[in-house]
Amino acid sequence: MKRGMKECFHFCSYHHLFCIFLLFRVSSAGDSLRLLEPISDGRTLVSQKGNFELGFFSPGSSKNRYLGIWYKKIPIQTVVWVANRCNPINDMSGLLTLNSSGNLLLLGHNKTIVWSSYSSSSKQIQKPYLQLLESGNLVIRDEKNKSEEAYLWQSFDYPSDTLLPGMKTGFNVRTGHKWVISAWKNADDPCPTDLTCGIEPHAYPELSIRKGAKEYYRHGPWNGLHFSGTLHLRPNPNSEYEFVHNDEVFFRYHLKNPSVISRMVLNPTTSTRERLQWNDAEKTWSLLSTAPTDYCDSYGLCGVNGQCVISSNPVCQCLKGFRPKFPERWYSLVWVDGCVRNAPLSCHDKNTDGFTKFPNIKVPDTRHTWVNWTMDLKDCRAKCLSNCSCMAYSNTDIRGDGSGCAMWFGDLIDIKQISGGGQDVYIRMPASELKAKGDSRLKALIAASVIGGVCGMIIAGYFLRRNLFTGKSKRLIKGKDDQEEDMELPQYDLLTIITATDNFSENNKLGEGGFGSVYKGKLKDKQEIAVKRLSTSSGQGVKEFKNEVVLIAKLQHRNLVKLLGFCIQGEEKLLVYEYLSNNSLDSFIFGEMDAKQLKWPKRFQIICGIARGLLYLHQDSRLRIIHRDLKASNILLDHEMNPKISDFGMARTFGGEQVEGNTNRVVGTYGYMAPEYAFNGLFSTKSDIFSFGIIVLETISGQRSRIFRPQKDSLTLTGHAWKLMMEGREAELLDECLRDSQNSSEVLRCIHVGLLCVQQNPMDRPSMPSVVMMLGSDSVLPQPKKPGYFMETDLPINGHSELFLTNYVTISILQAR
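Residue numbers (mature numbering (1 follows the signal peptide of the UniProt record, and there is no 0)): -29 to -1, 1 to 788.
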């Protein structure tokens, strides 16, 4: 308290339990406002610069009253801490006081104690006072000692569902105190659920999310740069992360820009940990990252000694040197039994075993580990080899040349391959596996030498033929910002394409869209191809063409179509793709092909495959990619009916943590375009998710979104599906030809997920990681809100009514802004 300022104490007694202090507000000292008087319902305490506010509130539609802290400067009340989480006050009688022992007391009806900050501190307390700091931390301190270590109590030690910058999650080794965040039950009830996030107290500590006693998702241990399985939690221009391991073991993050408002929160609806940032321009919370991120993040999905590879199908594989324990169950996609070794270890003779390096993986569960923080990798290997129970080893810190030693004992579980991240783990192998690997390496070396010589002759011949006008050649093409990029793609000459497609014969025509036609072709080597011939009058010019070439050449995923090459000659702009024999999804579900060929199990597989492909675009590829024209006709099917997303001519890339953009050129297909994009040109991952939701509902119903005509009223397909769900009749949406093959629980879940994806407000729609998780689990789903384009009258015709209502091709509209 400011020196020389008169102090005023108001004493009152309540069964002699406490003495209430009325303190003056500090105007020039300190970094916050102090408690001026007991806080009754209707009064608040605001931090000095106005970042946070403490007071009573009622969450959602509840009338119960809780004491909490929320952001003061944003219009959406966002509560970050709650005192009486499971003990609400049911009237306006709440009163917060501070007693002479330095304890906060929350009183309810008839002055009953609802909650207290009870502190067992043995320190002599003379002048306790309460402060709400600019960090959002509510602290009790003694006037005589103002250091952070001297806090008598702080709310940061008792987190709710939110981790703010500067807060810890972890545990104190000496006292056993834990900093754990726990999700609210729902938007109306802040009482904690069994969904929690904290540091596991293993020898090699790791951050994880639990559902009750069961581990649900592992971020993995800290490896010096980031958590082993969580790439987005690493230093970046906006944030820095800290992991401490001594008497306290904890993780926390800090913001480099104090004007940024950001938080981490556990979402009980999706069972995910979300990183959110306030977008002041849009007055909404933007999702920066989420965990779990994909199907492979399901804890222990592939059983012991298995690894999950999200880009493969199926996603679970046995580690090299291992085989399925029960092959029949494994190949039926029941992976829980895991894998066993092809040959037993001979560890009693330490010269017969060795190690195989597995790069770019999330390290196994660290429950059974031993750690030495200073040992180097060479000594770590020797120590592991000398112990028959040691199954694997790795560095604890991967920075530079690496340091520290972590060793695993027993079966290895929850391993995930991480593209562009993860770390190296060395797994113990018997001599027979190492010899087989060495023999195969020798064979590969010999083969490479032979192939190298042959390739040399081929290359020489290639360049000779190139001078004589051959079919294709490698070509540098200018990409984004006119930077030349070597796309490592062959450039076909026009004569080769003309020959392959029989001069673009109508008999070879596969389809036609807003930017041109697609033809089937066959090269001289009998390889079948699909050629996209851009119309000279199309909206896609050289810029879109180059964008598609540059973009697709960098994308590698089994649910994305593969680009084989391109051709630019005269007025012709051609893209050469892999040929997919089963055409596009719309040709099946809308009756051009026999819809009965596509039974429900295959349709569910297609929905999940599209979701995985879109997840790769939004999160797992090098840049965040917004497709902007996702529709059934752009989902191609291979010979096994696996879906592949195609047509990236209108895609946009985002870097870093950018999540949305704006354009004055609205491009896309009516019926699939999200409302905020069609009306205002705002696009984001959430606009792609809206399109995905439409595809899901179309795939289930067999009805086109834009020409859906119900028996009565003017509901759209989204409105009709939502109305059926509200009436408990959503099963009626299913296409009649699927009745015999349906799995009712899968159908209902897909309808539910589809409606969550097409909600009017983009912030209400789930992220793609959440969508993939929801499709692959039986977790409880939130109730969807009213969808976009609920009625025909909701649709943005804007002078394009004839095109909008009757045509189903890609459109481009220039809008004045």
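Heads up, the beta-carbon is just placed ideally off N, CA and C, and yes, glycines get one too. It should be emphasised that the depicted structure is a prediction, and the values quoted were computed from it without experimental measurement.
Taking the continuous beta strand (DSSP E) assigned at residue i, which residues delimit it?
i      : result
VAL110 : 109 to 113
GLU213 : 210 to 216
GLY65  : Here GLY65 belongs to no beta strand (DSSP E), and DSSP marks it neither H nor E.
GLY191 : 185 to 192
MET734 : Per DSSP, MET734 belongs to no beta strand (DSSP E) and is neither H nor E.
MET378 : 376 to 380
ILE170 : 160 to 171
ALA501 : 499 to 505
TYR100 : 99 to 103
GLN248 : 243 to 250
MET235 : 233 to 238
ASP395 : 394 to 400
PRO614 : 614 to 616
ARG223 : 219 to 226
GLU177 : 177 to 182
Can you tell me where the alpha helix (DSSP H) with residue i in it begins and where it stops?
i      : result
THR470 : 465 to 471
GLY690 : 688 to 697
ALA649 : 646 to 651
SER18  : SER18 -> no alpha helix (DSSP H), and no H or E assigned at all.
HIS723 : 715 to 728
LEU668 : 656 to 672
GLU299 : 298 to 301
Kindly list the residues whose CB is nearer than 7 Å to the CB of residue i, restricted to its own chain and excluding five residues on each side of it in sequence; keep chain order.
i           : result
ARG294      : CYS310, VAL311 and ASN313
residue 792 : The displayed coordinates of the chain run from -29 to 788. Any statement about residue 792 would go beyond what the structure contains.
GLU717      : PHE575
ASP368      : ASN194, GLY195, SER374 and GLY375
ARG181      : THR167 and TYR187
With distances taken Cα to Cα, identify the nearest neighbour of residue i among the options.
i      : options                           : result
VAL729 : ILE616, GLN754 and GLN102         : GLN754
SER71  : TYR100, VAL334 and TRP52          : TYR100
GLU24  : SER33, SER283, ARG36 and TRP52    : TRP52
GLN388 : ALA402, GLY277 and ASP324         : GLY277
ARG366 : ILE384, TYR397, CYS359 and ASP385 : The question names Arg, but residue 366 is Asn in the sequence shown. When only C-alpha atoms are compared, the closest one is TYR397.
LYS139 : ASP128, TRP193 and ASP132         : ASP128
ASN74  : GLY725, ALA363, LEU123 and PRO46  : LEU123
GLN527 : PRO740, LYS291 and LEU586         : LEU586
ASP265 : SER715, GLY584 and LEU686         : GLY584
VAL751 : GLY392, LEU727, VAL236 and ASP324 : LEU727
THR689 : LYS657, CYS721, GLY725 and ILE660 : GLY725
ARG234 : PRO298, TYR187, GLU219 and GLY107 : GLY107
ALA363 : GLN590, THR345, TRP341 and LEU405 : TRP341
SER32  : PRO161, PRO136, VAL110 and ASN81  : PRO161
SER741 : ALA649, GLN674, GLN731 and ILE660 : ILE660
ARG14  : SER592, LEU38, PRO172 and ASN474  : LEU38
SER655 : ARG399, LYS602 and MET734         : MET734
ARG244 : TRP306, LEU134 and ASP159         : LEU134
THR146 : GLU177, ASN217, PRO192 and ASP132 : ASN217
THR345 : PHE561, ALA377, ASP591 and ASN61  : ALA377
ARG529 : LYS493, ILE500 and ILE577         : ILE577
Tell me which same chain residues have a C-beta within less than 8 Å of the C-beta of residue i, skipping the five on either side of it?
i      : result
ASP452 : Interpretation of ASP452 is limited by its pLDDT of 41, a score under 50 that renders its predicted location unreliable; the figure taken from the coordinates is listed afterwards. Cβ within range, chain order: n/a, list empty.
GLN97  : ASP113, GLU114 and LYS115
GLU219 : LYS139, GLY141, PHE142, ASN143 and VAL144
PHE275 : Looking at the sequence itself, residue 275 is Val, so the reference to Phe does not match. GLY309, CYS310, ASP382, LEU383 and ILE384, listed in sequence order.
ALA582 : PHE663, MET739, VAL742, VAL743 and LEU746
ILE430 : Confidence is the limiting factor: at ILE430 the pLDDT is only 48, short of 50, which leaves the residue's position unreliable, though a coordinate-based value still follows. So the list is empty, once near-sequence residues are dropped.
CB-CB under 6 Å to residue i, same chain, minus the five flanking residues each way: which ones, in chain order?
i           : result
LYS(-24)    : With a pLDDT of 32 at LYS(-24), under the threshold of 50, the predicted position of this residue should be treated as unreliable, and no value is reported.
CYS579      : LEU746
residue 876 : A question about residue 876 goes unanswered here, because the residues of the chain that appear run from -29 up to 788.
ARG736      : LYS657, ILE660, CYS728 and GLN730
If we cut at 8 Å on Cβ distances, does residue i have a partner in chain D?
i      : result
CYS355 : In the structure shown, chain D cannot be found, because there is only a single protein chain.
Tell me, please, whether the segment 42 to 58 touches the segment 66 to 86 by the rule of three or more beta-carbon pairs shorter than 8 Å. At 8 Å Cβ cutoff, the stretches touch.
Unbroken stretches of the alpha helix (DSSP H), 4 residues or longer, contained in the segment 519 to 579: The segment 519 to 579 contains these whole alpha helix (DSSP H) runs: 556 to 560.
Within the segment 307 to 374, note down every full alpha helix (DSSP H) run reaching 4 residues or more, in order along the chain. Fully enclosed alpha helix (DSSP H) runs of 4 or longer: 348 to 356.
Three or more C-beta pairs under 8 Å: does that hold for the segment 219 to 227 against the segment 352 to 361? The segment 219 to 227 vs the segment 352 to 361: no contact.
Take every Cβ of the segment 703 to 714, pair it with every Cβ of the segment 615 to 623, and state whether three or more of those distances are shorter than 8 Å. No, they do not touch.
Can you give, in chain order, each stretch of the alpha helix (DSSP H) that sits fully within the segment 30 to 84 and has at least 4 residues? List check, alpha helix (DSSP H) in window: nothing returned.
If you pair each beta-carbon of the segment 329 to 341 with each one of the segment 163 to 170, do three or more pairs fall below 8 Å? No, because fewer than three Cβ pairs between the segment 329 to 341 and the segment 163 to 170 fall closer than 8 Å, the two stretches do not touch.
At least three beta-carbon pairs within less than 8 Å, the segment 265 to 275 to the segment 733 to 749: Yes: the two stretches touch, three or more of their Cβ pairs being nearer than 8 Å.
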